[in-house]
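Residue numbers (my numbering): 247 to 426.
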């Protein structure tokens with residue numbers, strides 16, 4: 247699939263078939279996502295893949311802040327990817343000072359670039375994804391026993407799509423673009 251076609255046709259998928267996602271496919275997606283740019287090549291993004299039904303149930307019940315949409319998506323997705331970032335590296339110099347006026351914001355920027363790269367790679371391989379942001383980070387950390395130095399940036403449901411949503415209307419270029 248060509249890059250521009252991949253970008254234009256990728257949609258958030260919230261309904262999946264029951265077909266499991268093969269480990270080799272997820273490894274291929276993560277290998278592609280590793281090429282996402284990051285602050286001074288810090289490569290702070292990590293991926294925890296949850297396929298265990300009991301763990302997904304626990305995440306849905308305890309971590310989604312009673313947001314039914316994310317609970318349902320989590321339960322019905324063959325896999326849930328917990329995208330984490332290693333804290334204290336992105337935006338920093340080796341001495342611990344900031345290199346940017348954006349402070350800790352750059353960590354979120356790197357996570358977003360990695361998440362989008364992950365989702366585009368999944369789409370190129372025929373899988374669907376949806377990035378979810380409504381969750382209780384501390385509860386997710388506890389359920390999955392994540393390392394202390396990692397922050398949960400996003401949850402990404404992944405699987406074989408059972409739907410093909412239409413593209414929502416996009417703003418025109420004149421609204422989005424400004425030359426100075």
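For glycine and all other residues, C-beta sits at the position ideal for the given N, C-alpha and C. Only a predicted model underlies this, so the values are computations on that prediction, with no experimental measurement involved.
If you draw a straight line from the alpha carbon of residue 256 to that of residue 372, how long is it in whole angstroms?
-> So the two alpha carbons sit approximately 10 Å from each other.
Which of helix, strand or coil DSSP assigns to residue 408 | Three-state result, residue 408: coil.
Residues in its own chain within less than 8 Å of residue 309 by CB, not counting five upstream and five downstream?
-> Contacts found: 381, 382, 385, 386 and 389.
Could you check the C-alpha separation between residue 277 and residue 271 for me, to the nearest Å?
-> Approximately 10 Å, taken between the alpha carbons.
Under a Cβ-count criterion, where at least 16 other Cβ atoms within 10 Å of its own Cβ denotes burial, should residue 338 be classed as buried or exposed?
-> Flag for residue 338 reads buried.
For the putative contact between residue 402 and residue 364, defined by C-beta atoms under 8 Å, what is the C-beta separation to the nearest angstrom?
-> So it is a contact: roughly 7 Å between Cβ atoms.
Hey, would you say residue 405 sits closer than 8 Å to residue 325, going by beta carbons?
-> Taking 8 Å as the Cβ cut-off, residue 405 and residue 325 qualify as a contacting pair.
Terminal residues of the continuous beta strand (DSSP E) containing residue 292?
-> Segment 291 to 296, the beta strand (DSSP E) holding residue 292.
Indicate the three-state DSSP secondary structure (helix, strand or coil) for residue 267 in the structure shown.
-> Here residue 267 sits in coil by DSSP.
What separation, rounded to the nearest whole angstrom, lies between the Cα atoms of residue 375 and residue 265?
-> Cα-Cα distance, rounded: 14 Å.
So, helix, strand or coil for residue 272, using DSSP?
-> Helix.
Extent of the continuous alpha helix (DSSP H) run through residue 253 | Run containing residue 253: 249 to 255, per the alpha helix (DSSP H) assignment.
What is the DSSP secondary structure of residue 262, reduced to helix, strand or coil?
-> DSSP places residue 262 in strand when its eight states are reduced to three.
Beta-carbon separation of residue 267 and residue 328 under 8 Å?
-> The beta carbons of residue 267 and residue 328 sit no closer together than 8 Å.
Cβ-Cβ separation, residue 253 to residue 356 (assumed contact under 8 Å), whole Å = Under the criterion of beta carbons closer than 8 Å, residue 356 and residue 253 do not qualify as touching, at roughly 19 Å.
Do you know how far the Cα of residue 368 is from the Cα of residue 260?
-> In a straight line, the C-alpha of residue 260 is about 14 Å away from that of residue 368.
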